[in-house]
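Numbered per this note's numbering, the sequence shown finishes at 658, counting up by one with no gaps. From the three backbone atoms N, C-alpha and C, an ideal C-beta is built for every residue, glycine too. This report concerns only the one structure given below.
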Amino acid sequence: MDWKAIIDSTFSDCLSRRNLVRLGLFWLAGVILFAFYTVLSGRLQDGPAALKADLPASTSDQTGALTVWQRGPSPEARPAYKVVFDNLRVENGNLGVFKTASSRIVYLDNLQATFFSQGNGADAGLRDFHGLFAPRRDGHGDAGSLGLFDELQKQNTDWSMPVDMSNTGEVRVRGLDWRVRRDDCTVFHVRSQHAVLRSDWSRMVLRGRVTLTMSQAVLESNCIEIDVSNESIYAPGRYTLRYGGATRMGRGGRFRATLRPAGVGSSDREGDQGWANGLQPGSF
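Structure, rendered in structure tokens:
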């Protein structure tokens, strides 16, 4: 018995020039609709308090440049902020002459941190800056990662830690520009060449051409400590304070967060100051 295969003309009709043009137009319309839906759904998911991070590919011990912005108050009641730095690098700390991962040091290069205050005065900034960049401790008392990355992990479940920052006991900043803005005006501005934050300290040590600027006051010194526990500012060495048109020069001055002199009722902090004096710029 002979078999013969006959191709139905219906399929060949589908391959006509007119039908191919129609199929191409339908495909192009589908691609455009899908792209529009992707962009629109992404915008709808970005609420007023969305936390975003632009992070390039990182190595095992550094991140490269990073930009993070919080567009509204965070779950921890922190105001909106924007953080930019050139690089974050993690190194093992020293235990005698040996390097150990039980105590790590985080280095931040050219840190720019801007907080957007909605209240009166420069209340946003002292505690908030320390909360973002000081190493945090977990429930067992061990040092952990920076608060900035804790917030990223809490608000973005699909975001993973770029580097291992466990056991971080100290953060060292090379080049700091820290601002508090309100109504498009800078109400608090800190600049320094170096800064140190530690997990067991409520104070930050700023070194190298330190300048604190507010609306009516400017404090300058080579070393300034900011204590976030009582919102006080301490200049252990020589300082210059310009306040309300008057200039005051001295040594070992203590000030409130508004840069008004705080008097001499504070402790001398001799032990703490010995540690601060040991932080020479070359150690950064």
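Excluding five sequence neighbours on each side, which residues of the same chain lie with their C-beta closer than 6 Å to the C-beta of R625?
R612
DSSP three-state label for G624, please.
strand
Distance, Cα to Cα, M539 vs T587?
32 Å
Express the C-alpha separation of E544 and N468 in angstroms, rounding to a whole number.
12 Å
Between the Cα of P610 and those of R616, Y617, G618 and I600, spot the shortest distance and give me the residue it belongs to.
Ranking R616, Y617, G618 and I600 by CA distance to the CA of P610 puts I600 first.
Would V592 and R553 qualify as a contact pair, given that the criterion is a beta-carbon distance under 9 Å?
no
Please report the distance separating the alpha-carbon of L520 from that of M578.
14 Å
Quick check on V442: does DSSP put it in helix, strand or coil?
When secondary structure is reduced to three states using DSSP, V442 falls in the strand class.
Where T632 and Q590 are concerned, what is the direct C-alpha to C-alpha distance, given to the nearest angstrom?
If you take the alpha carbons of T632 and Q590, they lie about 9 Å apart.
With DSSP collapsed to three states, give me the class of A636.
Reduced to three states, the DSSP call for A636 is coil.
Leaving out the 5 sequence neighbours to the left and right, which residues in its chain are closer than 8 Å to F629 when beta-carbon positions are compared?
L593, S606, I607, Y608, A609, L615, P635 and A636
Which residue marks the beginning of the alpha helix (DSSP H) containing G543, and which one marks its end?
Per DSSP, G543 belongs to no alpha helix (DSSP H); it is in the beta strand (DSSP E), T542 to R556.
Residue range of the beta strand (DSSP E) that D601 falls in?
A591 to D601
Within 10 angstroms of its Cβ, does A431 collect 16 or more other Cβ (buried), or is it exposed?
Unreliable placement is indicated for A431, whose pLDDT of 49 sits below 50; no coordinate value is reported for it.
Going by C-alpha distance, which of F459, G404, P536 and T560 is nearest S491?
T560
L571 and F507 look like a contact to me (Cβ under 8 Å); what is the Cβ gap, rounded to whole Å?
The Cβ separation is near 6 Å, so the contact holds.
I need the straight-line Cα distance from T585 to I406, nearest angstrom please.
53 Å
Under the assumption that L550 contacts L485 (Cβ atoms under 8 Å), give the Cβ distance between them as a whole number of angstroms.
5 Å
So, with DSSP's three-state summary, where would you put V537?
coil
Helix, strand or coil, according to DSSP, for A631 in the structure here?
coil
Grouping DSSP H, G and I as helix and E and B as strand, with all else coil, what is Q419?
Low confidence applies here, because Q419 scores a pLDDT of 44, under 50, leaving its location unreliable; read the following figure in that light. Of the three classes helix, strand and coil, the one that applies to Q419 here is helix, per DSSP.
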